[in-house]
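Per the working numbering, residue 29 is the first one in the sequence shown, and the count goes up by one each step. Using N, Cα and C, we set each Cβ at its ideal position, and we do this for glycine too. Source: prediction; values computed, not measured.
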Amino acid sequence: MDNNRKIDITGMCCSVPIIKISRELKDMQSGDILLALSDKVSMENDIPAFCRQSGNELLGLETSEQDQKLPEGTIAFYIKKG
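Take a look at the structure:
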């Protein structure tokens, strides 16, 4: 999937990844797509919840098992700015 920007939030926990995603999205145009890379399974719940609450759209996610180009244990989240 194409993206306009990419942010690496691997190794981060608690609210730090969501804060970083939020800051990155603020600088983007409506309709732009942000690729967020994480290694935390908890983000599979946190990022969709953030998108619902913030008016952004989670277009999808891919794991390293689905996409061999991703580093092992990585989850890719595609977020469309609302």
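Assigned exposure category for residue i - 16 Cβ within 10 Å defines buried
i   : result
L66 : Sequence inspection shows Ser at residue 66; the Leu mentioned does not correspond to that position. Buried: at least 16 other Cβ atoms inside 10 Å.
I47 : exposed
Cβ-Cβ distance between residue i and residue j below 7 Å
i    : j   : result
G98  : S92 : It should be noted that the sequence gives Leu, not Gly, for residue 98. Yes.
K109 : M56 : yes
E52  : I37 : no
Minimum C-alpha distance to residue i - residue among the options
i    : options               : result
D60  : I35, V44 and N31      : N31
P76  : D36, G39 and Y106     : Y106
G83  : S43, G39 and S58      : S58
E100 : R51, V69, G88 and N73 : V69
K54  : C41, R33 and G88      : R33
G88  : G39, I47, C41 and L63 : L63
Residue i in three-state terms, based on DSSP
i    : result
E93  : coil
S70  : coil
E85  : strand
L98  : coil
I47  : helix
K109 : coil
D61  : What sits at residue 61 in the sequence shown is Ile, not Asp. Strand, per DSSP.
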